[in-house]
Amino acid sequence: MDHPERPGAAPTRMHAVTDETSKIVDLVLDYSRRRMLSTDTPLDKPISEFELARLAGRSIDEHGIGARRALSLFEHVLAPACITTDHPGYLSFIPTAPTKAATAFDLVVSASAVYGGSWLEGAGAVFAENEVLTWLAREFGLPASAGGVFVQGGTLGNLSALVAAREHARFTQRTAGNAAPDRWRVVCSAEAHSSIASAARVMDVDVVPVAPGDDGMLRGDAVRAALEEHGASVFAVVATAGSTNFGIVDDVASIAALKSDHDFWLHVDGAYGLAAMLSPLARDRFAGVEHADSLIVDPHKWLFAPFDACALIYRDPEAGRRAHTQHAEYLDTLTETSEWSPSDYAAHLTRRARGLPLWFSLATYGGGAYRSAIGSAIRLAADIAREIESRPELRLVREPQLSVVVFERDGWSREDYATWSTRLLDEQRAFVTPSSHAGRPNTRFAIVNPTTTFEQLVAILDTMR
Ligand SMILES: *Cc1c(COP(=O)(O)O)cnc(C)c1O
Numbered sequence: 008m009d010h011p012e013r014p015g016a017a018p019t020r021m022h023a024v025t026d027e028t029s030k031i032v033d034l035v036l037d038y039s040r041r042r043m044l045s046t047d048t049p050l051d052k053p054i055s056e057f058e059l060a061r062l063a064g065r066s067i068d069e070h071g072i073g074a075r076r077a078l079s080l081f082e083h084v085l086a087p088a089c090i091t092t093d094h095p096g097y098l099s100f101i102p103t104a105p106t107k108a109a110t111a112f113d114l115v116v117s118a119s120a121v122y123g124g125s126w127l128e129g130a131g132a133v134f135a136e137n138e139v140l141t142w143l144a145r146e147f148g149l150p151a152s153a154g155g156v157f158v159q160g161g162t163l164g165n166l167s168a169l170v171a172a173r174e175h176a177r178f179t180q181r182t183a184g185n186a187a188p189d190r191w192r193v194v195c196s197a198e199a200h201s202s203i204a205s206a207a208r209v210m211d212v213d214v215v216p217v218a219p220g221d222d223g224m225l226r227g228d229a230v231r232a233a234l235e236e237h238g239a240s241v242f243a244v245v246a247t248a249g250s251t252n253f254g255i256v257d258d259v260a261s262i263a264a265l266k267s268d269h270d271f272w273l274h275v276d277g278a279y280g281l282a283a284m285l286s287p288l289a290r291d292r293f294a295g296v297e298h299a300d301s302l303i304v305d306p307h308k309w310l311f312a313p314f315d316a317c318a319l320i321y322r323d324p325e326a327g328r329r330a331h332t333q334h335a336e337y338l339d340t341l342t343e344t345s346e347w348s349p350s351d352y353a354a355h356l357t358r359r360a361r362g363l364p365l366w367f368s369l370a371t372y373g374g375g376a377y378r379s380a381i382g383s384a385i386r387l388a389a390d391i392a393r394e395i396e397s398r399p400e401l402r403l404v405r406e407p408q409l410s411v412v413v414f415e416r417d418g419w420s421r422e423d424y425a426t427w428s429t430r431l432l433d434e435q436r437a438f439v440t441p442s443s444h445a446g447r448p449n450t451r452f453a454i455v456n457p458t459t460t461f462e463q464l465v466a467i468l469d470t471m472r
C-alpha cells in the first residue's frame, strides 16, 4: 500500500509544541500585531479570479508549502484582494469598526479553544457572555430576567426569534383549543430587511408587508389594519429599529400599544440601529422597545466587535429554549439539566463564544466609551447632512435619524453613480456604493467608524461636483 505520509513525518507534527510550531505561532501573532496596530492599511479592492489564480497559484499539495510562504501569500496577495471593512473610508452597506481590545481578544477566543454551546463545557465564557446580554437588555428596557445568545448574524437572529414566536403562537392556540390557521403570517414594514423574507421562506410562512409612512416609519395604525385583516394567523410583528437603507426607526411604541387588543409577539430587528439606543442623542427614538418579546442587535455593526456576532435577546428566554433545544441521546446529559446552555436559544448547536470579544472590550473601556463613540457617528451624520444641503448639486433624500445619510447628485444616472463609485475605489479614496430609493438612483454614507472624519466626507462630496 502506498502511504501518502512522508516517511518519518510524525502524526503529532501539527500539534506538538516544537520549534516549528512555535515559529508558526510567532509568525501569525507578529502579522496580527502589525495589522491590528497599523494606521495605514489601504482600502484595497477585489480582483478577478483569473488574476488571483495567476498571482496566488496553488497553495495546497501533499507536503505543504510551509507557514512562511502561506502567510506571505495571504499578506501580499489574498488580503489586498479583500476590502478593508474597518477602514474609515468604508462607508457602504453597514461597515464594521471593531475596537482594538475586541479584535485582539478574538485571538484569545481561538487560542483558548472554548466551546460556547453548553454550560457544562463553557461555564466561564457563557457567564461573561450573559453579563453582556444582561447589560444590553437593561439598556433596551427589558427586565433582568431577559436573556439569549450571541449567534452568527442578524439573519440567523431574526430567524431564531421568529421560530420561537411561531412556537409560542402554536402553543397558545393549542392550549386554547383553537385550530391552527391555514398559513402563519408575520407582519413587517415593506422596508424591513431582506432577512425577514428569508426567514419566512425557511419557515414556510407568509410575510404581510405594511406600507410605512412617507417618512419611512412604520406606525401602529397601519399595523392595526393588517392585524384586523389577518386575525390570529399573525404570530409576530417585526418592528425595525434602524433600517439598513436609511437608519429609520419604526414607531415601536405605537406598534407595541396594539398588544392590548391583539395577541402577537413583538420582535424588534435592531441589527444595525439598536446600538444607538445607548446614546442619549438617539435614545428617545426607541420608545417602545422595552415591550419587545425578542430583539436583535449586531455587535459586528455598531457595537465595535469583530465579525461575526448578533446578540439575540428574549424577554422570556424559556420561549426560546422551548423552540430550539435539540434532543439526542448523546446530548441527554446537557438537555436534562437546568443550566444555561447557549445552544438551546437559537437554530444552532456547536458555537464559538463569539460574545467574548465584546465582553472584553466593554470590560476594558466601559459603557461610557461606547456611548460616546456611537454619538460621534450620529453627530457626524447630522453635520455632513447640513453640508450636503448647502451644496446646490446635491439633495438629501431623507433627513438622517441615526448615522446613514442618503443623498442624490442632480442629473446623475445609475451609470454616473457606478462610474464615480468605481473611481473612488480605484483611487483608494473611499468605498461608497450606488443605491436607490423608489426607483431613483442615489448614494449613501453609512457611518459607524469613529475614525471617519468630516473632512474625509467633504473630500468625497467634492468629487461629485
Ligand atoms: C444587517 C441587517 C440584518 C442582517 O444581519 P446580518 O448580520 O448581516 O445577517 C438584519 N436586519 C437589519 C435591519 C440589518 O441592518
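The numbering used here puts the first residue of the sequence shown at 8, with every later residue one more than the last.
Backbone N, C-alpha and C fix where the C-beta goes; we use that ideal spot for every residue, glycine too.
| Check | Outcome |
| --- | --- |
| Might you give, ordered along the chain, the residues of its own chain that have their beta carbon closer than 7 Å to the beta carbon of L365, omitting 5 neighbours on each side? | A109, V139, P306, L310, A312 and A316 |
| Is it buried or exposed for H274, if we count other Cβ within 10 angstroms and need 16 for buried? | buried |
| Less than 9 Å between the beta carbons of R359 and V116, yes or no? | yes |
| Just tell me which of L468, Y352, H444 and D93 has its CA closest to the CA of E396. | L468 |
| Can you tell which of S79, K52, L50 and D51 has its C-alpha closest to the C-alpha of G489? | The question about residue 489 has no answer, for the chain in this structure spans 8 to 472. |
| Restricting to Cα atoms, I'd like to know which of I454, H237 and V170 is closest to A389. | I454 |
| Would you mind giving the Cβ-Cβ distance between P49 and T103, rounded to the nearest angstrom? I have them listed as a contact below 8 Å. | That belief does not hold up - the Cβ atoms of P49 and T103 are roughly 17 Å apart, past 8 Å. |
| In this structure, what does DSSP give as the bridge partners for A199? | A199 pairs with nothing; no bridge assigned. |
| Anyone know if the C-beta pair for T450 and V439 falls short of 9 Å? | yes |
| Taking only the alpha-carbon atoms, compute the straight-line gap between L356 and A118 and give it to the nearest angstrom. | 21 Å |
| Does ligand 1 have even one heavy atom less than 8 Å from the beta-carbon of C317? | yes |
| Kindly provide the ranges of any beta strand (DSSP E) runs that are 3 or more residues long and lie completely inside the region 412-466, ordered along the chain. | 441-444 and 447-453 |
| Taking Cβ positions, are H331 and Y352 nearer each other than 9 Å? | yes |
| Can we count I454 as close to ligand 1, meaning its CB is less than 8 Å from some heavy atom? | no |
| Counting only the same chain and skipping the five closest in sequence on each side, list residues whose C-beta sits under 7 Å from that of L43. | Residue identity check: residue 43 is Met in the sequence provided, not Leu. Cβ neighbours of M43 beyond the five flanking positions: K107, T110 and A111. |
| Throw me the rounded Cβ distance for the E3 and V304 pair, which I believe falls under 8 Å. | The structure shown does not extend to residue 3, since the chain is modelled only from 8 to 472, so the question has no answer here. |
| Buried or exposed for P287, please, with buried defined as at least 16 other CB atoms from any protein chain shown within 10 angstroms of its CB. | exposed |
| Ligand 1 and D257: does any heavy atom of the ligand fall closer than 8 Å to the residue's C-beta? | no |
| Between which two residues does the beta strand (DSSP E) harbouring L302 extend? | S301 to V304 |
| Tell me whether S442 counts as near ligand 1, meaning its Cβ is closer than 8 Å to at least one heavy atom of that ligand. | no |
| Let me check one thing: in DSSP terms, what residues is R192 bridge-paired to? | D213 and V241 |
| In chain order, what residues place their C-beta within less than 5 Å of a heavy atom belonging to ligand 1? | G160, G161, T162, H200, S202, T251, D276, A278, Y279 and D305 |
| May I ask you to report which of helix, strand or coil DSSP gives I54? | coil |
| DSSP three-state label for R75, please. | helix |
| Can the beta-carbon of G2 be found less than 9 Å from the beta-carbon of E136? | Any property of residue 2 remains undetermined from this structure, which presents the chain solely from 8 to 472. |
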